[in-house]
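*Asks:* Residue numbers (this note's numbering): 366 to 619.
#1: Can you have a look at residue 482 and say buried or exposed, based on whether 16 or more other CB atoms are within 10 angstroms of its CB?
#2: With a Cβ-Cβ cutoff of 9 Å, do residue 570 and residue 499 count as a contact?
#3: Go ahead and label residue 554 buried or exposed: buried means 16 or more other beta carbons lie within 10 angstroms of its beta carbon, across all protein chains shown.
#4: Quick check: what's the CA-CA separation for residue 369 versus residue 377?
#5: Just the Cα atoms here: how many angstroms apart are residue 566 and residue 492?
#6: Identify every residue that forms a DSSP beta bridge with residue 375.
#7: Considering residue 393, what are the terminal residues of the beta strand (DSSP E) in which it resides?
#8: Tell me the rounded alpha-carbon separation between residue 467 and residue 399.
#9: Which two residues bound the contiguous beta strand (DSSP E) that contains residue 477?
#10: As a quick exercise: from 546, 373, 591, 608, pick the residue whose alpha carbon is nearest that of residue 580.
#11: What number of angstroms, rounded off, separates the C-alpha of residue 472 from the C-alpha of residue 412?
#12: Going by the beta-carbon positions, is the gap between residue 373 and residue 445 smaller than 9 Å?
#13: Can you give me the start and stop residues for the alpha helix (DSSP H) that residue 456 sits inside?
#14: Report, in whole angstroms, the separation of the C-beta atoms of residue 549 and residue 587, which I expect to be a contact under 8 Å.
#15: Compute the beta-carbon to beta-carbon distance between residue 574 and residue 595, rounded to the nearest angstrom, for a pair I have assumed lies under 8 Å.
#16: If you run the structure through DSSP and keep just helix, strand and coil, what is residue 595?
#17: Relative to the C-alpha of residue 512, which residue among 503, 485, 521, 529 is closest?
#18: For my contact list, residue 603 and residue 465 are in at a C-beta cut-off of 8 Å; report their separation, rounded to the angstrom.
#19: Do residue 458 and residue 494 come within 9 Å of each other at the CB atom, strictly closer than that value?
#20: Going by beta-carbon coordinates alone, are residue 410 and residue 394 separated by less than 9 Å?
#21: Identify every residue that forms a DSSP beta bridge with residue 564.
#22: Rounding to the nearest angstrom, what Cα-Cα distance links residue 502 and residue 572 in this structure?
#23: Start and end of the alpha helix (DSSP H) containing residue 579?
#24: Verify whether the separation of the beta carbon atoms of residue 497 and residue 522 is less than 9 Å.
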């Protein structure tokens with residue numbers, strides 16, 4: 366019987382495991398529920414073979430007992446989550462693509478599913494990285510990886526010890542800090558030039574931005590709401606604002 370390694374994380378779900386393999390993440394083993402079928406499974410097994418990653422077939426009940434999320438889809442991998450990156454790495458990611466930096470700062474997002482969803486949207490939108498505080502926030506985990514649908518393995522993430530100091534460093538390096546705040550200027554009316562280097566700053570669920578974080582932002586934008594519900598989920602708000610930035614940048618292209 367295989368000896369458990371307490372340092373390993375479980376990566377659960379077909380897409381998260383597939384993206385982990387594609388990203389070259391070191392995996393010690395992939396477990397597949399007996400009888401699992403489909404194109405994703407075939408692709409996963411082929412890529413695992415090419416990468417010399419062992420694949421073991423087990424009864425689904427075994428994966429059910431092992432799962433931490435309850436949503437493994439018949440696939441669980443053992444391995445390490447991606448290493449966190451430095452701020453230099455995030456800027457280098459933008460430079461390597463010949464693009465103006467576009468970052469997100471999840472300042473106090475505590476729900477790992479929200480964090481995963483934000484990472485997924487950021488990666489799909491072409492952002493160059495995400496920053497998150499070391500404490501009082503959702504850390505990187507198998508749940509975050511699952512919620513990101515594998516995007517965690519492609520989007521650089523930097524963990525910072527002091528949020529406000531990190532914001533000040535971003536400013537010194539030419540980034541404009543755009544805070545998402547209900548009382549901010551309506552997004553559609555904001556005339557700021559979003560083709561500049563930007564970091565979108567997101568507050569915690571229900572609490573929003575703290576006073577210090579809000580005061581450190583260069584500008585605050587809000588999303589006009591016409592219904593009766595008081596606010597949007599933080600991951601939804603992130604997607605709306607992020608794609609408005611992407612839209613304006615696209616319009617500015619020659």
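Even glycine gets a Cβ: it sits at the ideal position worked out from N, Cα and C.
*Replies:* Here's the rundown:
#1: To locate residue 482, count along the chain shown from 1; it is residue 117. The residue in question, residue 482, is buried, as its Cβ has 16 or more Cβ neighbours within 10 Å.
#2: Mapped onto the chain shown, residue 570 falls at position 205. Mapped onto the chain shown, residue 499 falls at position 134. Not in contact: residue 570 and residue 499 (Cβ atoms no closer than 9 Å).
#3: Here the question's residue 554 lines up with position 189 in the chain shown. So residue 554 counts as exposed.
#4: Looking up residue 369 in the chain shown gives position 4. Looking up residue 377 in the chain shown gives position 12. In this prediction, residue 369 scores a pLDDT of 49, lower than 50, which makes its location untrustworthy; the coordinate-derived value is nonetheless stated afterwards. One C-alpha to the other measures close to 17 Å.
#5: Translated into positions along the chain shown, residue 566 becomes position 201. Translated into positions along the chain shown, residue 492 becomes position 127. The straight-line gap from Cα to Cα measures roughly 13 Å.
#6: Indexing the chain shown from 1 puts residue 375 at position 10. Bridge partners of residue 375: 443.
#7: Your numbering for residue 393 matches position 28 in the chain shown. For residue 393, the enclosing beta strand (DSSP E) begins and ends at 392 to 398.
#8: Numbered from 1 along the chain shown, position 102 holds the residue referred to as residue 467. Numbered from 1 along the chain shown, position 34 holds the residue referred to as residue 399. Their backbone Cα atoms lie some 43 Å apart in a straight line.
#9: Taking the first residue of the chain shown as position 1, residue 477 is located at position 112. Where residue 477 is concerned, there is no enclosing beta strand (DSSP E), although the alpha helix (DSSP H) it sits in stretches over 477 to 490.
#10: Stepping through the chain shown from its first residue, residue 580 is reached at position 215. Minimum Cα distance to residue 580 is reached at 546.
#11: Start at 1 with the first residue of the chain shown, and residue 472 comes out as number 107. Start at 1 with the first residue of the chain shown, and residue 412 comes out as number 47. Going from the Cα of residue 472 to the Cα of residue 412 covers about 36 Å.
#12: By one-based count along the chain shown, residue 373 stands at place 8. By one-based count along the chain shown, residue 445 stands at place 80. In contact: residue 373 and residue 445 (Cβ atoms closer than 9 Å).
#13: The residue labelled residue 456 in the question sits at position 91 within the chain shown. Its alpha helix (DSSP H) spans residues 452 to 461.
#14: In the chain shown, the residue the question calls residue 549 occupies position 184. In the chain shown, the residue the question calls residue 587 occupies position 222. Right, the Cβ-Cβ distance comes to about 4 Å (below 8 Å), so this counts as a contact.
#15: For the purposes of this step, residue 574 is taken as residue 209 along the chain shown, with counting starting at 1. For the purposes of this step, residue 595 is taken as residue 230 along the chain shown, with counting starting at 1. 16 Å between Cβ atoms; not a contact.
#16: Residue 595 sits at position 230 when you count from the first residue of the chain shown. Residue 595 falls in the coil class under three-state DSSP.
#17: The residue you call residue 512 lines up with position 147 of the chain shown. Looking at the Cα atoms, 485 is the closest of the given residues.
#18: Counting from one through the chain shown, the residue named residue 603 turns up at place 238. Counting from one through the chain shown, the residue named residue 465 turns up at place 100. The pair is not a contact, with the Cβ atoms about 19 Å apart (cut-off 8 Å).
#19: Looking up residue 494 in the chain shown gives position 129. Looking up residue 458 in the chain shown gives position 93. Yes, the Cβ-Cβ distance between residue 494 and residue 458 is below 9 Å.
#20: Residue mapping note: residue 410 aligns to position 45 of the chain shown, counting from 1. Residue mapping note: residue 394 aligns to position 29 of the chain shown, counting from 1. Their beta carbons are not under 9 Å apart, which means residue 410 does not touch residue 394 by this criterion.
#21: Indexing the chain shown from 1 puts residue 564 at position 199. Residue 564 is bridged to 468, 542.
#22: On the chain shown, residue 502 is found 137 positions in, with the first residue counted as 1. On the chain shown, residue 572 is found 207 positions in, with the first residue counted as 1. Going by the C-alpha atoms only, they are around 13 Å apart.
#23: Taking the chain shown and counting its residues from 1, the one referred to as residue 579 is at position 214. That run of the alpha helix (DSSP H) goes 576 to 581.
#24: Along the chain shown, one-based indexing puts residue 497 at 132. Along the chain shown, one-based indexing puts residue 522 at 157. Yes, these two residues count as a Cβ contact at 9 Å.
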